[in-house]
Amino acid sequence: MSPLPAAMRILFATPAPPWPARRGYQLRAAGLIAALAERHPVSVVAQRWPSQAAAVPPPGIDYDEVAISSRAAAAALVAGGWRRPLQVALHRQGAFHRAVARRAESWRAEVVVVVLSRLGDVLPAVAGRPVVVDLIDDLALNMRRRAERQPWLAPLWRWEAWRMRRWDRRLVARARRAVLVCERDRRSLVGDRPELAGRSRVVPLA
């Protein structure tokens, strides 16, 4: 990401606790948080799912998490799975959105970093604040490749890839900036939408 002014208050919204970092997106979030916390106050609000233990954040990181029950996850899928990509619908959790809104207001966040586009429905909760969406990679591209490897599920993967591409492009258009780990994925995301090129940047993995 571009250099930020000193002492800018940065709020992260994450789809799972960044610690312990077991998956790629957790490693990415934990690394960005650690790097930014060297110069800026950082706060994190995370979703925590039934299989995940409560996180222990590093010293100096303001942290809160919202437990998502299996019932809440199922209800979100039923309510929104036909209108949104499935993983976006799953993570559309009102309690989490309210927690992010409260933290942004009480903590006076100056920038909000949303980790993964599956949390895109949180944007209205931080309206009026600059938002950076860390897409990490182009999920629609990954889904199309999975369709090639799993022909028996190809129609489902292609449908989800189409929905994810539409969702991601709309999200990038609403955010101040989107970042991805490599230029290949950024080009794939932008595609025939040149207006998105100026809103997206490559931030490699640490």
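Using the working numbering, you'd call the opening residue of the sequence shown number 454 and step up by one each time.
Ideal placement from N, C-alpha and C gives every residue a C-beta, glycine not left out.
Please read these numbers as outputs of a predicted model, since none were measured by experiment.
Thinking C-alpha only, which one of 550, 630, 628, 649 is nearest residue 517? 550
Tell me whether the beta-carbon of residue 472 lies closer than 8 angstroms to the beta-carbon of residue 508. yes
Can you tell me the Cα-Cα spacing of residue 486 and residue 601, whole angstroms? 35 angstroms
What three-state label does DSSP hand residue 540 in the structure shown? helix
Cβ distance (whole Å) where residue 657 is taken to contact residue 634 below 8 angstroms: 6 angstroms
Cβ atoms of residue 568 and residue 467: under 8 angstroms apart, would you say? Closer than 8 angstroms, so yes.
For residue 632 versus residue 618, is the C-beta distance shorter than 8 angstroms? no
At the level of alpha carbons, what is the spacing between residue 534 and residue 544? 11 angstroms
When the Cα atoms are used, what is the spatial distance from residue 504 to residue 615? Rounded to whole angstroms, the separation of the alpha carbons of residue 615 and residue 504 is 29 angstroms.
In angstroms, rounded to a whole number, what distance separates the CA positions of residue 647 and residue 536? Their backbone Cα atoms lie some 26 angstroms apart in a straight line.
To the nearest angstrom, how far is it from the Cα of residue 492 to the Cα of residue 582? 20 angstroms
Do residue 546 and residue 514 count as a contact pair if the criterion is CB distance below 8 angstroms? no
Which complete beta strand (DSSP E) runs does the stretch 535 to 595 hold, if anything under 3 residues is left out? 564 to 568, 584 to 589
Applying the criterion that 16 or more other CB atoms from any shown protein chain within 10 Å of the CB defines a buried residue, is residue 531 buried or exposed? Residue burial annotation: residue 531 is exposed, with fewer than 16 other C-beta atoms found within 10 angstroms of its C-beta.
Which first and last residues belong to the beta strand (DSSP E) in which residue 501 is found? 495 to 501
Can you tell me whether residue 571 is buried or exposed? The criterion is at least 16 other CB atoms within 10 Å of its CB, across all chains shown. buried
Identify whether residue 469 lies in helix, strand or coil by the three-state DSSP scheme. coil
Name, in chain order, the residues that DSSP records as bridge partners for residue 515. 496
Is the distance from the Cβ of residue 460 to the Cβ of residue 494 below 8 angstroms? Yes, Cβ-Cβ distance for residue 460 and residue 494 is below 8 angstroms.
C-alpha distance - residue 523 paired with residue 501, whole-angstrom precision: 11 angstroms
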